[in-house]
Amino acid sequence: MAILKVKDVSKRFGGLKALSDVNLSVEENSVHAIIGPNGAGKSTLLNCLVGKLIPDTGSVLFDNQSVLGREPYQINQMGISRVFQTPEIFGDLTVMENMLIPIFAMRDGAFRMHAYETIANEKEVLEQAEAMLEEMNMADKRHMHAASLSRGDKRRLEIGMCLSQKPRLLLLDEPTAGMARADTNNTIDLLKQIKDERDITIAIIEHDMHVVFSLAERITVLAQGTPLVEDTPENIRGNPKVREAYLGEAA
Amino acid sequence: MLGLNKKDTSLLIVVAILTLLAPFILNPFPSDSAMAQFNAGYPDLMQRFVIFGIFAIGFNILFGLTGYLSFGHAAFLGVGSYSAVWMFKLLSYNVIPAIALSVVVAGLFSVLIGYISLRRSGIYFSILTLAFAQMSFALAYSVLSNPKFNLTNGETGLQVYADDPQILQGANAPDLPHLFGLPMRATYTMDVGAWSFDFNAGYYLCAVIMMVVFYLAIRIFRSPFGMMLRAVKSNQQRMNYTGLNSKPYTLAAFVISGMYAGLAGGLMAAMDPLAGAERMQWTASGEVVLMTILGGTGTLIGPVLGAGFIKYFENIFSKINDNVLHSWFAFLPDGLEDAVVFIIHPFIGKGWHLTLGILFMLVVIYLPGGLVEGGQRLLNWIRRKSVGGDDTREGKTEPAE
Chain A
1 MAILKVKDVS KRFGGLKALS DVNLSVEENS VHAIIGPNGA GKSTLLNCLV GKLIPDTGSV
61 LFDNQSVLGR EPYQINQMGI SRVFQTPEIF GDLTVMENML IPIFAMRDGA FRMHAYETIA
121 NEKEVLEQAE AMLEEMNMAD KRHMHAASLS RGDKRRLEIG MCLSQKPRLL LLDEPTAGMA
181 RADTNNTIDL LKQIKDERDI TIAIIEHDMH VVFSLAERIT VLAQGTPLVE DTPENIRGNP
241 KVREAYLGEA A
Chain B
252 MLGLNKKDTS LLIVVAILTL LAPFILNPFP SDSAMAQFNA GYPDLMQRFV IFGIFAIGFN
312 ILFGLTGYLS FGHAAFLGVG SYSAVWMFKL LSYNVIPAIA LSVVVAGLFS VLIGYISLRR
372 SGIYFSILTL AFAQMSFALA YSVLSNPKFN LTNGETGLQV YADDPQILQG ANAPDLPHLF
432 GLPMRATYTM DVGAWSFDFN AGYYLCAVIM MVVFYLAIRI FRSPFGMMLR AVKSNQQRMN
492 YTGLNSKPYT LAAFVISGMY AGLAGGLMAA MDPLAGAERM QWTASGEVVL MTILGGTGTL
552 IGPVLGAGFI KYFENIFSKI NDNVLHSWFA FLPDGLEDAV VFIIHPFIGK GWHLTLGILF
612 MLVVIYLPGG LVEGGQRLLN WIRRKSVGGD DTREGKTEPA E
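These protein sequences, in sequence, are chains A and B. Taking our numbering, the leading residue of the first sequence gets 1, the next gets one more, and so forth. Taking our numbering, the leading residue of the second sequence gets 252, the next gets one more, and so forth.
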């Protein structure tokens with residue numbers, strides 16, 4: 001069953017047609033990669049999925065509910081978590097607090113005036129955060145300021161924060177951009193582990209072919225705002241149209 | 252204790268002891284000695300210490316936690332004062348309904364201003380709040396003071412007149428603000444040898460209220476709500492993509508700090524039943540910003556220290572005049588004495604703002620964490636100096652954060 005359906009989505013910025021008639025569906029519990037050369041409209045598409053942009057035409061359905069016109073926090077509450085190209089974490093807060101916030105958000109909703117309670121008494125939330133830190137191998141860093149983590153650790157933390165909300169769909173925007181090879185491989189391993197251990201759908205936008213071909217089960221190639229092909233990695237690799245449009249020199 | 256951890260409890264206890272014993276602590280010099288002018292233990296000044304402490308604690312909940320810098324908080328202070336005086340005029344001189352109303356009205360007023368100002372952040376938010384505060388000042392100073400509808404009594408300031416209704420004012424009740432019959436001006440003076448200490452009813456009312464709201468501020472700082480406010484400051488983008496709506500969080504912080512300001516304004520009127528528009532002017536808003544930054548933004552105790560620091564120097568420096576200076580430097584040869592007095596002259600009396608400006612610059616440049624950071628550095632330095640290196644001992648008054 002498709003958990004995310006994008007139908008006939010178009011988006012214009014002035015004279016530039018960023019997306020035209022994009023149709024895409026992401027199957028539940030799969031890893032779906034969206035690739036394409038620079039300017040293909042990958043980021044625009046992603047922003048339409050999370051509520052940052054509203055497409056001019058078309059619809060975006062998550063679990064058969066439209067996400068259009070909803071604020072990013074409402075879309076998150078529906079079960080979509082997003083990982084950013086540069087890790088977006090709470091730099092001034094400790095690693096532990098970073099992990100607590102999404103869990104509170106999941107439990108209490110978009111706003112709750114819990115001004116008189118003490119965090120130290122929220123045993124259940126603390127346990128969940130602790131467990132997620134263990135899973136991310138970051139328990140020893142729990143008192144560190146998140147801003148002082150290494151790039152790879154920031155990424156791990158961000159992914160952990162997203163996972164702690166038990167999302168049904170995890171959106172990753174170039175998760176290994178600007179990373180050293182070792183950090184990239186660690187991130188790939190982490191994502192593989194997440195895919196194997198959880199009931200989760202992952203949609204990933206990526207430049208790095210190494211990452212795409214080691215993770216994806218389906219690949220959509222976007223070029224000039226329209227999907228060129230959608231297929232399995234093996235077929236994409238051999239597809240001459242794709243080679244021409246995108247892989248050209250890389251393959 | 253009281254649902255606080257050990258560190259916060261000891262901080263609260265230290266603050267409680269200091270405020271309760273303030274009449275002794277602030278009067279260290281015998282009353283007829285030359286140093287007596289540095290004594291700060293008189294009721295009027297002690298009241299201002301705690302009232303501005305409350306104001307700054309509330310301001311810090313907004314500015315210290317969410318990072319939204321409001322330049323219009325004096326508007327809530329003024330609104331609180333006007334509400335309290337109106338309560339004196341209509342009901343009675345009892346301070347409880349007056350203070351309660353000032354908190355409520357300031358809260359409602361801050362919902363309105365906050366809702367509009369928080370549509371923007373950063374410098375635009377500051378400018379919006381400043382604009383609102385100046386509009387409130389103009390309203391209070393002239394617009395809402397005309398013969399047909401006199402809400403604020405303009406330049407003269409709002410005060411209680413003999414022909415006001417005061418429907419609940421009993422026949423025997425004191426004719427000035429009181430707490431169930433205990434006048435706020437009641438002062439018991441204790442003479443011990445050459446020293447004299449003033450125990451003022453109004454000060455102790457303010458001090459108890461400050462301790463309560465300080466305790467509430469600690470609770471807010473340690474609550475999930477407080478953490479969310481720090482998250483607003485740190486990364487709103489991540490917050491929105493984590494399923495949290497940052498707008499109600501910032502509005503709630505704004506309203507809470509507005510209510511603290513209203514409480515301070517109400518207490519000010521309860522100590523002296525007069526409310527003037529100048530209380531809402533932008534200089535007053537700027538003062539609380541200075542207090543918070545000087546003391547230590549985002550720390551628990553910093554704003555209180557900053558408020559005390561500024562109010563102390565405001566009173567002490569502005570009292571020193573050339574005659575006092577001449578008497579201090581009388582031991583110098585005449586020409587030199589005049590020269591020294593000439594140099595110091597601009598920094599005292601009415602020029603004390605110059606001193607404040609220099610102190611503020613020094614703090615911001617060398618101690619960005621304010622007086623709290625200064626205290627922590629001092630503690631660390633002393634700890635490093637003490638032999639044996641007993642690292643197990645924790646600094647007791649070292650504030651959290």
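Ideal Cβ placement from N, Cα and C applies to all residues, glycine included. None of these values were measured; they are calculated from a predicted model.
Assigned with DSSP and collapsed to three states, glycine 225 (chain A) falls in coil, not helix or strand. For the C-beta of arginine 82 (chain A), the chain B residues within less than 8 Å are, from N- to C-terminus, Tyr492. Distance from the CA of aspartate 92 (chain A) to the CA of tyrosine 500 (chain B), rounded to the nearest whole angstrom, comes to 18 Å. Annotation for histidine 210 (chain A): the continuous alpha helix (DSSP H) segment containing it runs 209-215. In the displayed model, arginine 82 (chain A) falls within a strand according to three-state DSSP. The alpha-carbon of glutamate 134 (chain A) is positioned some 60 Å away from that of glycine 602 (chain B). Taking every protein chain shown into account, the CB of proline 619 (chain B) has fewer than 16 other CB atoms within 10 angstroms, so this residue is exposed.
Assigned with DSSP and collapsed to three states, glutamine 165 (chain A) falls in coil, not helix or strand.
At a beta-carbon threshold of 7 Å, the residues of chain A lying near tyrosine 500 (chain B) are Phe111, ordered along the chain.
Using a Cβ-Cβ cut-off of 8 Å, isoleucine 350 (chain B) is close to nothing in chain A; its nearest Cβ partner there is about 21 Å away.
For glycine 513 (chain B) against valine 330 (chain B), the beta-carbon gap comes to about 6 Å, under 8 Å, which counts as contact. Spatial neighbours of valine 506 (chain B) in its own chain (CB-CB distance under 8 Å, excluding positions within 5 residues in sequence) are listed in chain order as Gly358, Ser361, Val362 and Gly365.
Rounded to whole angstroms, the separation of the alpha carbons of glutamine 487 (chain B) and leucine 430 (chain B) is 45 Å. The alpha carbon of valine 26 (chain A) has as its nearest neighbour, out of A:Ala223, A:Asn185, A:Ile80 and A:Pro72, the alpha carbon of A:Ile80.
DSSP, read as helix, strand or coil, puts glutamine 193 (chain A) in helix.
At least 9 Å separates the CB of asparagine 311 (chain B) from every CB of chain A.
A contact between stretches requires three or more CB pairs, one per stretch, nearer than 8 Å, and the segment 408-424 of chain B fails this requirement with the segment 229-248 of chain A. In the same chain as glycine 477 (chain B), and ignoring 5 residues on each side of it, the C-beta atoms closer than 7 Å to its own belong to Leu316 and Ile471, in chain order. Per the C-alpha coordinates, the member of A:Asp231, A:Met179, A:Asp196 and A:Asn239 positioned closest to histidine 210 (chain A) is A:Met179. Cβ proximity to chain A below 9 Å picks out Leu467, Arg470, Ile471, Arg473, Ser474, Pro475, Phe476, Gly477, Met478 and Met479 from the segment 458-479 of chain B. Listed along chain B, the residues sitting closer than 9 Å to alanine 105 (chain A) by beta-carbon distance are Met479, Met490, Thr493, Gly494 and Leu495.
Exposure of glutamate 406 (chain B) is indicated by the presence of fewer than 16 other C-beta atoms within 10 angstroms of its C-beta. Between phenylalanine 383 (chain B) and glutamate 538 (chain B), the CB-CB gap reaches or exceeds 9 Å.
About 10 Å separates the CB atoms of proline 274 (chain B) and tryptophan 446 (chain B); that is not less than 8 Å, and the two are not in contact. Nearest in C-alpha terms to methionine 144 (chain A), of all of A:Ile89, A:Glu127 and A:Asp189, is A:Ile89. Look at arginine 218 (chain A) here: in three-state DSSP terms it is strand.
Bridge partners of leucine 172 (chain A) according to DSSP: A:Val83 and A:Ile204. Going by DSSP, isoleucine 34 (chain A) is part of no alpha helix (DSSP H) but of the beta strand (DSSP E) stretching over 31-35. Boundaries of the alpha helix (DSSP H) around isoleucine 561 (chain B): 553-570.
For aspartate 259 (chain B), same chain residues with a beta-carbon under 6 Å away, outside a window of 5 residues either side, are Ile469 in chain order. With three or more CB-CB distances shorter than 8 Å, the segment 551-564 of chain B counts as touching the segment 298-314 of chain B.
Closest by C-alpha distance to glutamate 206 (chain A), out of A:Lys11, A:Asn185 and A:Ala33, is A:Ala33.
The DSSP assignment places 123-135 as complete runs of the alpha helix (DSSP H) inside the segment 122-160 of chain A, in order along the chain (cut-off: 4 residues).
In this chain, the beta strand (DSSP E) harbouring lysine 17 (chain A) covers 16-27.
The C-beta of methionine 612 (chain B) has fewer than 16 other C-beta atoms within 10 Å across all chains shown, which makes the residue exposed.
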